[in-house]
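For reference, the structure is listed below as structure tokens.
Chains as they are written, first to last, in this note's numbering: chain A, 14 to 570; chain B, 14 to 570.
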């Protein structure tokens with residue numbers, strides 16, 4: 014068997030789901046391949062599947078086990094779903110990090126916040142300059158997206174060239190950041206691209222994407238028309254949008270206030286790395302009370318309904334003493350990410366109850382997407398002319414549809430969800446292996462496996478309640494005292510107004526009294542008896558089978 | 014102070030939220046008013062706010078306390094958000110139930126399932142016939158909606174006429190059920206309508222609504238084009254849609270299979286009450302394996318991603334042994350209700366992974382809404398010519414926008430969210446009082462108040478985990494044994510790989526050992542000491558402050 018070098022692609026996260034992007038490229042003989050990892054993103058938890066969890070990220074187990082062969086971690090851009098896990102996972106990876114200047118600054122902040130050394134981040138130059146990382150020569154190609162300095166990656170290897178798009182849109186007037194340059198993509202294609210690994214987010218959007226510049230007019234009109242205070246929320250990292258909104262307000266004689274740590278930090282980051290050319294003067298919220306509402310504009314974090322963000326605070330108790338009033342206008346210059354509809358809806362209604370006029374993204378005038386739509390993707394394929402298209406950054410159905418799009422133009426489209434190892438060595442990409450992938454949860458301070466059962470236990474308590482039974486037994490197995498039950502998360506009285514804890518205690522007492530002495534000398538047997546008694550009694554009383562914890566105290570006396 | 018009779022409107026549920034509709038009309042002198050209650054609906058729980066809960070409904074406390082003056086419960090139509098709570102709440106209300114024939118049958122089924130007597134339901138005739146209920150004369154006016162026999166209510170009182178629309182759309186070709194008849198609404202208006210209490214669901218939809226008949230063509234084309242099996246899901250109660258889908262399949266030579274109890278029941282109900290004129294022959298799923306997939310069509314429950322419904326089963330392990338295959342088509346002939354996007358998305362991707370072609374409602378060809386859009390609402394206002402418009406059935410922002418719409422045409426628009434008592438006696442409606450409203454949870458078998466804390470306790474356990482500490486003390490306050498901790502829903506090892514339960518036990522031991530004897534003789538003091546020790550230790554180890562339950566056993570002697 015030959016062991017010729019192989020060029021491989023493997024999604025550890027982000028292919029078959031939205032979020033937590035993590036893609037691994039390998040080159041070399043099997044068993045001695047060298048690797049680069051592209052992006053280390055997170056996704057956000059919810060009560061539905063991950064209550065109490067702080068962040069969700071791809072499990073880097075596959076590459077962590079081969080960390081000695083990892084030559085670099087490359088970050089395409091500074092969105093959380095691409096960089097958010099860096100600080101948490103770096104200890105398992107221990108490789109230098111490469112990113113362009115703005116992204117590098119945020120990567121450094123991530124590392125610092127997680128107690129890691131920010132100096133491991135190296136600032137990469139923009140294409141056509143390249144950096145050599147192991148057997149890979151990588152160029153960071155400026156593309157437009159909803160954050161400055163987003164980059165596609167040209168990855169040159171002895172087995173050929175890969176173009177990894179990262180997140181992109183074809184915006185020739187992005188206002189802040191680099192415009193889309195079709196000539197650049199065409200020239201990259203001129204040298205022959207073996208595989209285009211391509212963003213699939215908007216593959217179901219049938220029309221060409223719109224430019225960031227398209228919303229300037231509507232925003233200006235809104236600022237001019239509004240009589241009272243105008244507040245706008247969007248993603249903190251969408252610096253172009255922040256500037257558009259603030260500039261339009263400023264032009265109408267409104268003072269600009271920026272609420273929320275993340276937005277202020279992002280504006281600072283923009284200045285520090287020269288991606289933000291200018292921004293209107295900013296006034297502190299403490300001074301806002303002194304300004305007539307018609308002369309005031311506020312930018313606020315929390316467009317997704319995040320409970321602690323400035324928007325949620327403004328919608329309820331106010332932000333640092335500042336409250337909204339009848340006649341104010343609140344603009345959601347953002348898209349609601351699926352899953353956040355209820356949180357956002359709650360805020361829309363809280364605002365409505367205060368007499369605030371709410372404008373959301375439903376008519377599309379105040380927001381444009383950061384991703385390439387279906388015809389835009391076709392244009393990318395056409396410019397780059399790759400032999401193979403490997404859709405990434407999408408749910409499974411997005412990958413399938415994007416691969417179909419590629420095939421409809423005579424290219425090979427490969428659906429490779431997380432864990433599929435794609436061999437790119439030959440002319441035709443093919444899936445040659447399937448490795449195990451998974452998710453890690455940052456749960457408070459601890460990284461746990463999504464399948465460890467910790468969160469499942471919490472969900473079971475949330476659905477069924479928790480009964481704790483304390484049993485006191487003598488050494489010989491006789492009961493030293495009546496059993497005692499505590500109920501948490503169950504009603505106090507059940508069917509027929511019966512007291513639940515008391516009825517459970519009676520049921521346990523009866524079960525243990527009726528059991529053989531020998532059984533009661535065995536903890537496992539006692540537990541089983543108690544659990545069964547609790548389950549039956551609770552089911553009858555409240556219609557639930559609660560999680561049960563049994564504490565057995567024995568006196569050897 | 015005079016005590017002239019007053020005509021009042023009070024939403025107990027459904028105004029300021031979508032779902033759990035419950036509206037109360039009163040007539041008579043204050044303190045001796047007689048009442049009718051319109052609708053007793055539910056809404057569905059989620060992990061986010063109501064984990065483990067089975068159904069959410071409006072708290073009928075206000076009218077339950079005056080049940081002796083409740084003359085009737087009127088059900089406008091058989092959707093869950095209008096009739097779903099009937100069986101659970103009837104014991105607190107004890108009044109006769111009125112509905113038209115199809116609705117009455119479902120109301121009876123609801124009562125029976127909850128162990129109540131179905132005979133308390135009286136079948137009401139259609140307008141222009143009326144029924145006398147206390148001081149109210151009520152007519153059930155046929156309107157079109159996404160379920161047969163939906164009714165608006167003409168409520169005539171000595172103080173004037175109210176038109177309560179229920180849910181409606183202006184569909185002149187609904188295929189099953191009664192078409193929208195503008196002349197009927199105009200003639201109701203001819204006699205003078207004091208208040209139009211009106212559906213607000215689609216007030217933000219700017220174009221005229223489309224007819225159920227509009228989807229026949231696209232569905233027929235889809236059935237003709239599809240090579241393999243076609244499965245479609247929609248709401249079980251949308252009998253017109255079930256028939257359209259099944260008929261189109263049948264016309265293309267496909268055998269029709271109906272999966273899921275709810276759909277089969279609804280078709281039976283349709284026949285039993287003569288609202289469903291015909292339906293193609295139905296084949297049992299057991300016989301489906303013998304039929305070529307291109308000659309097969311299945312209707313499946315679960316369009317909202319419900320975990321146990323036929324759609325979810327087909328998307329995962331199969332339904333009663335029947336599995337989907339590459340080349341099959343799955344149609345969502347339905348809208349995803351906000352909050353269900355993730356559950357539905359999960360199913361779309363499971364289907365995609367099996368090679369199934371998925372068609373959702375995103376291009377609007379295979380689904381139409383059951384509610385009147387903004388210009389339709391304008392048309393209703395114009396036909397009825399009410400003095401006052403009271404928007405109902407909507408979130409707060411829907412009510413506000415609908416009231417503005419009314420005002421823009423010179424009518425009085427009153428935003429009256431749940432709890433606002435609206436006086437309709439005079440020419441101009443006005444809010445005269447605010448009463449307490451709330452929600453009840455059906456939690457297993459028990460109805461609990463949403464604010465009782467039971468569900469909050471469960472959510473706290475889901476977010477923070479649960480630590481149980483057992484403390485054994487002698488009568489004099491000395492420790493009889495070292496304390497013992499059980500952790501549920503927390504990782505076993507925390508920061509620095511330290512064992513969490515053991516570290517918590519040590520912390521509790523230290524706290525109790527360092528405490529005064531006198532303190533340890535007081536259970537409340539011991540609890541406080543233990544809780545504080547657990548919280549501090551857990552926060553350090555895992556970054557969470559868990560729910561803590563302390564079990565204290567004392568030996569006297």
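Cβ coordinates follow ideal geometry from the N, Cα and C atoms, glycine included. Computed from a predicted model, the values in this text were never measured in an experiment.
Using 8 Å as the threshold, is the C-beta distance between residue i and residue j below it?
i: residue 98/B; j: residue 53/B; result: yes
i: residue 353/A; j: residue 318/A; result: yes
i: residue 155/A; j: residue 191/A; result: yes
i: residue 308/A; j: residue 267/A; result: yes
i: residue 323/A; j: residue 368/A; result: no
i: residue 148/B; j: residue 47/B; result: yes
i: residue 385/A; j: residue 222/A; result: yes
i: residue 453/B; j: residue 461/B; result: yes
i: residue 157/A; j: residue 247/A; result: no
i: residue 441/A; j: residue 435/A; result: no
i: residue 517/B; j: residue 537/B; result: no
i: residue 258/B; j: residue 280/B; result: no
i: residue 28/A; j: residue 431/A; result: yes
i: residue 411/B; j: residue 216/B; result: yes
i: residue 525/A; j: residue 542/A; result: yes
i: residue 448/B; j: residue 547/B; result: no
i: residue 381/A; j: residue 225/A; result: yes
i: residue 18/A; j: residue 40/A; result: yes
i: residue 244/B; j: residue 153/B; result: no
Quick one: which chain A residues come within Cβ less than 7 Å of residue i?
i: residue 472/B; result: 475
i: residue 217/B; result: 375
Anything in chain B within Cβ reach of residue i, meaning under 8 Å, just list it in chain order.
i: residue 508/A; result: 458 and 459
Give the single residue among the options whose Cα lies nearest to the Cα of residue i.
i: residue 366/A; options: 360/B, 407/B, 366/B and 91/B; result: 407/B
i: residue 514/A; options: 495/A, 531/A and 530/A; result: 495/A
i: residue 469/A; options: 475/B, 390/B and 465/B; result: 475/B
i: residue 177/A; options: 505/A, 327/A, 50/A and 364/A; result: 50/A
i: residue 36/B; options: 58/B, 484/B, 555/B and 83/B; result: 83/B
i: residue 31/A; options: 171/A, 350/A, 392/A and 106/A; result: 350/A
i: residue 167/A; options: 89/A, 235/A and 344/A; result: 89/A
i: residue 69/B; options: 80/B, 40/B, 79/B and 33/B; result: 33/B
i: residue 423/B; options: 231/B, 188/B and 400/B; result: 400/B
i: residue 398/A; options: 196/A, 129/A, 288/A and 115/A; result: 196/A
i: residue 198/B; options: 299/B, 326/B, 182/B and 341/B; result: 182/B
i: residue 362/B; options: 348/B, 376/B and 328/B; result: 328/B
Buried or exposed: which applies to residue i, given that a residue is buried once 16 or more other Cβ atoms fall within 10 Å of its Cβ?
i: residue 184/B; result: buried
i: residue 42/A; result: exposed
i: residue 473/A; result: buried
i: residue 138/B; result: exposed
Check the Cβ of residue i against every Cβ in chain A and list those closer than 8 Å, keeping chain order.
i: residue 564/B; result: 481, 483, 497, 499 and 564
i: residue 515/B; result: Per Cβ cutoff of 8 Å: no residues; residue 515/B is ~15 Å from chain A at best.
i: residue 557/B; result: 65, 456 and 457
i: residue 571/B; result: Because chain B is modelled from 14 through 570, residue 571/B falls outside the range shown and cannot be assessed.
Please list, in chain order, the chain B residues whose beta carbon lies closer than 9 Å to that of residue i.
i: residue 60/A; result: 59, 60, 61, 62, 64, 472, 475 and 476
Run down chain E in chain order and give the residues with a C-beta less than 8 Å from the C-beta of residue i.
i: residue 503/B; result: Note that chain E does not occur in the displayed structure, where the protein chains are A and B.
For residue i, which residues in chain B fall below 7 Å Cβ to Cβ?
i: residue 355/A; result: 61, 351 and 352
Query - the stretch 357–372 of chain A: positions lying closer than 7 Å to chain B by Cβ - result: 358, 361, 362, 365, 366 and 371
Query raised in the report: When you check each C-beta in the stretch 382–415 of chain A against every C-beta of chain B, which residues fall closer than 9 Å?
Result: 408, 409, 410, 411, 412, 413 and 414
Query - Near-chain A residues of the stretch 528–554 of chain B (beta-carbon distance less than 9 Å), N- to C-terminal order - result: 551, 552, 553 and 554
Query raised in the report: Which residues, in chain order, does the stretch 331–343 of chain A contribute to contact with chain B at a C-beta distance below 9 Å?
Result: none
**Report entry** Members of the stretch 419–452 of chain A near chain B, C-beta cut-off 7 Å
**Finding:** none
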